[in-house]
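Encoded as structure tokens, the structure appears first; notes follow it.
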Amino acid sequence: MSHSFNAYALVKQAIAQLEKKLLKRTVRINERACNVDALVGGRVLKTFCSNDYLGFANHPALVAALSEGAQEHGVGSGASHLISGHSRAHDLLENQLARLQSAHIPHARALFFSTGYLANLTAITSLIGLANKGEAHIYSAALNHASLIDGVRLASAQHQASVTVFDHLDLAELEGALIKDTSPLKLIVIDGVFSMDGDLAPLHQLLKLAEQYDALLMVDDAHGFGVLGENGHGILEHFALHSERLIYIGTLGKAAGVSGAFICAEDSFIEWVIQKGRPYIYTTATPPAIAHTVSKSLNLIEGIEGKARRKHLNELIKLWNQEMAFSSWEKIHSLTAIQPIIIGSNANALLASKLLDEAGYWIPAIRPPTVPEGKARLRVTFSANHTMDDVKKLIEVLQKIESSMLVGDAA
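Those letters in the sequence shown? Residues 1 to 411, by UniProt numbering.
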């Protein structure tokens with residue numbers, strides 16, 4: 001007796017529900033190399049939505065480095081790091097990444113990953129795996145990135161770790177939970193720069209709590225590495241922190257303009273990750289040509305050009321904060337390249353994004369579950385490749401769109 005297969009019918013129903021709630025996501029094809037002027041559907045759109053903060057993704061020196069790396073190392077690694085996929089390029093890059101954080105983490109050592117998602121997943125699950133089942137407690141910030149949330153969930157499921165989710169930057173709530181905690185292993189997990197709000201975690205205060213209550217502090221600096229700190233080393237440099245309690249995650253596909261991510265921590269923890277980090281052990285190593293290119297990007301970040309680009313980026317942010325104002329939309333104040341505009345409903349956020357598209361701008365609407373219900377938004381991001389005039393024109397267009405939508409609501 002055969003039974004009708006209805007799983008795909010359920011899938012179609014679920015997708016239809018997303019469409020009804022204005023939550024369905026779509027993919028658009030950019031026909032140009034990553035830059036502030038995208039080509040989408042035959043139209044040029046000024047892009048204010050990429051994470052290419054320093055404008056390095058299409059930098060001639062990095063394009064040349066990738067070609068050079070491929071000529072030297074080929075286009076694939078052929079195996080995982082622990083089999084035969086770990087090249088001299090990987091090793092040199094990891095040493096370079098460790099050096100960048102050595103002023104902040106004693107005996108620093110770094111491990112290179114293909115994505116930030118895998119790095120976060122690996123760091124959390126490997127660390128919590130050190131404790132006996134039920135003897136670890138994870139403290140996770142409410143607005144953490146999905147990869148941190150998933151890492152916490154997986155570690156909790158695998159090792160029966162307790163989990164406390166504390167409200168956004170509510171350190172009193174966090175301390176209230178820590179003070180009662182007798183777990184042998186405690187881990188605070190937080191974004192360095194929150195990806196949807198653009199604000200910074202108060203790491204100096206969080207580190208004090210970690211020291212006071214014998215916890216470790218893991219920081220995902222996806223949106224800070226390359227742009228924060230005098231030398232672009234990230235949020236630990238920005239706050240001038242130094243502690244063996246720090247576990248640092250940096251991303252290499254945003255400000256660095258290439259691909260990949262890394263964990264940097266005290267040497268023995270990295271050795272433990274190599275032994276027990278399943279996403280590291282059972283993944284084919286990133287092509288060594290990518291590692292070679294990232295290494296060249298780090299030189300740019302630390303060099304004269306990196307400093308000049310960070311200065312220009314900060315000037316763009318300053319201009320935006322000085323001149324951008326709305327009547328009904330909420331502008332969240334941020335000192336980073338991430339500048340959110342809270343619209344409210346999904347429908348209005350989608351309409352604002354559509355009107356921007358018609359005006360020649362690419363700024364997608366960000367909706368739940370990425371952001372809370374009723375907090376749909378436009379997430380404006382700046383690149384060092386933007387000009388002051390680009391930002392001034394965007395401000396004018398946004399204010400006109402807000403005014404037109406207010407008139408439409410009143411009609």
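All C-beta atoms, glycine included, are put in the ideal place defined by N, C-alpha and C. No experiment lies behind these values; they were computed from the predicted model shown.
Which listed residue (the options) has its alpha carbon closest to that of residue i
{"i": "R310", "options": "M324, F262, L335 and R278", "result": "L335"}
{"i": "V371", "options": "I342, A308 and D390", "result": "I342"}
{"i": "Y213", "options": "V391, T182 and P60", "result": "T182"}
{"i": "L200", "options": "R88, I395, L217 and L169", "result": "L169"}
{"i": "L66", "options": "A9, K208 and K296", "result": "K296"}
{"i": "K375", "options": "G74, K318, T284 and A349", "result": "A349"}
{"i": "R32", "options": "L22, T26 and V44", "result": "V44"}
{"i": "A155", "options": "S77, G344 and A123", "result": "A123"}
{"i": "A38", "options": "K186, I401 and N385", "result": "N385"}
{"i": "V219", "options": "M196, R245 and E230", "result": "R245"}
{"i": "L118", "options": "E302, T283 and V380", "result": "T283"}
{"i": "S243", "options": "I270, H204 and L121", "result": "H204"}
In DSSP terms, what residue i is bridged to
{"i": "F262", "result": "F112 and G250"}
{"i": "R43", "result": "V40"}
{"i": "S126", "result": "Its beta-bridge partners do not exist; DSSP assigns none."}
{"i": "G226", "result": "Looking at the DSSP assignment, G226 forms no beta bridge with any residue, so it has no partner."}
{"i": "H386", "result": "H386 pairs with nothing; no bridge assigned."}
{"i": "M324", "result": "According to DSSP, M324 bridges with nothing at all."}
{"i": "K311", "result": "The partner list for K311 (beta bridge, DSSP) is empty, contrary to what the question assumes."}
{"i": "H137", "result": "S162 and K186"}
{"i": "L216", "result": "L187"}
{"i": "K393", "result": "BP columns for K393 are empty, so no partner."}
{"i": "G234", "result": "Beta-bridge pairing links G234 to no other residue."}
{"i": "Q96", "result": "None; Q96 has no bridge partner."}
{"i": "P340", "result": "R379"}
{"i": "S80", "result": "T284"}
{"i": "E330", "result": "I342"}
{"i": "V27", "result": "Per DSSP, none; premise fails for V27."}
Pairwise C-alpha distance: residue j and residue i
{"i": "N132", "j": "I247", "result": "21 angstroms"}
{"i": "I274", "j": "L228", "result": "29 angstroms"}
{"i": "L216", "j": "T251", "result": "20 angstroms"}
{"i": "L174", "j": "E94", "result": "33 angstroms"}
{"i": "I304", "j": "G232", "result": "11 angstroms"}
{"i": "F382", "j": "L206", "result": "28 angstroms"}
{"i": "F112", "j": "E315", "result": "32 angstroms"}
{"i": "G129", "j": "S80", "result": "22 angstroms"}
{"i": "A325", "j": "Q399", "result": "8 angstroms"}
{"i": "A16", "j": "Y8", "result": "12 angstroms"}
{"i": "L54", "j": "L298", "result": "12 angstroms"}
{"i": "I249", "j": "S404", "result": "43 angstroms"}
{"i": "G78", "j": "T286", "result": "9 angstroms"}
{"i": "E396", "j": "K331", "result": "15 angstroms"}
{"i": "E19", "j": "Q13", "result": "10 angstroms"}
{"i": "N30", "j": "K186", "result": "44 angstroms"}
CB contact flag (residue i, residue j, <9 angstroms)
{"i": "A337", "j": "G234", "result": "no"}
{"i": "A110", "j": "F225", "result": "no"}
{"i": "S259", "j": "I290", "result": "yes"}
{"i": "Y139", "j": "V189", "result": "yes"}
{"i": "C34", "j": "G277", "result": "no"}
{"i": "G69", "j": "H292", "result": "yes"}
{"i": "A141", "j": "A161", "result": "no"}
{"i": "N321", "j": "H333", "result": "yes"}
{"i": "H73", "j": "P340", "result": "no"}
{"i": "F48", "j": "A255", "result": "no"}
{"i": "L236", "j": "Q101", "result": "yes"}
{"i": "R25", "j": "V40", "result": "no"}
{"i": "E266", "j": "I105", "result": "yes"}
{"i": "L23", "j": "P364", "result": "no"}
{"i": "L148", "j": "L209", "result": "no"}
{"i": "T125", "j": "Q158", "result": "yes"}
{"i": "I401", "j": "M196", "result": "no"}
Counted within 10 angstroms of its Cβ, other Cβ atoms place residue i as buried (16 or more) or exposed
{"i": "Q71", "result": "exposed"}
{"i": "P184", "result": "exposed"}
{"i": "H90", "result": "buried"}
{"i": "residue 415", "result": "Beyond the ends of the chain as shown, which are 1 and 411, falls residue 415; an answer cannot be given."}
{"i": "E378", "result": "It is Leu, not Glu, that sits at residue 378 in the sequence shown. Buried, because 16 or more other Cβ atoms sit within 10 Å of the Cβ of L378."}
{"i": "A411", "result": "Its pLDDT being 48, under 50, A411 is placed unreliably by the model, and nothing is read from it."}
{"i": "N6", "result": "exposed"}
{"i": "G306", "result": "buried"}
{"i": "E373", "result": "exposed"}
{"i": "G107", "result": "Reading off the sequence, residue 107 comes out as His, not Gly. Under this definition H107 is an exposed residue."}
heavy atom of the ligand ZN below 8 angstroms from residue i C-beta
{"i": "A142", "result": "Questions concerning the ligand ZN fall outside what the structure shown contains, since it holds no ligand whatsoever."}
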